[in-house]
Amino acid sequence: MVEAGRKGASMDLRLIVLKSGGKTYRALTNDMDPSHLSAEDIVALYPMRWTVERLFFQLKVVLNLRLRRGLDASKCVQLIP
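All you need for our numbering is the position in the sequence shown, starting with 1, plus 5.
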């Protein structure tokens with residue numbers, strides 16, 4: 006377990022280290038239950054996460070959106086030309 010953030014606004018995170026195929030993978034998660042999300046699960050899910058991130062980026066480019074962080078879906082729909 007590691008602590009991240011500023012004093013007074015920090016949170017505990019679980020550090021996951023997995024060695025596979027001669028590589029070491031490290032990830033932080035706020036899911037503290039290893040039986041719920043294993044290191045193997047995280048390594049398998051990570052590339053999928055970036056696929057989704059790239060999709061959102063491409064949608065913003067195609068739709069010519071300049072979104073701020075924290076913008077919810079209802080506001081996003083209003084911005085689509």
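Ideal placement from N, C-alpha and C gives every residue a C-beta, glycine not left out.
In this text the structure is predicted, and so the values were computed from the model without any measurement.
Next on the checklist: Whole angstroms are fine: how far does the CA of T34 sit from the CA of H41?
Outcome noted: 12 angstroms
Checklist entry - Can you name the residues that DSSP bridges to D17? => result E8
Checklist entry - With a Cβ-Cβ cutoff of 8 angstroms, do R54 and D36 count as a contact? => result no
Checklist entry - Of all the beta strand (DSSP E) runs that stay within the bounds of the region 23-80, which reach a length of 3 or more residues? => result 28-34
Checklist entry - Would you call the CB atoms of A9 and I21 closer than 8 angstroms? => result no
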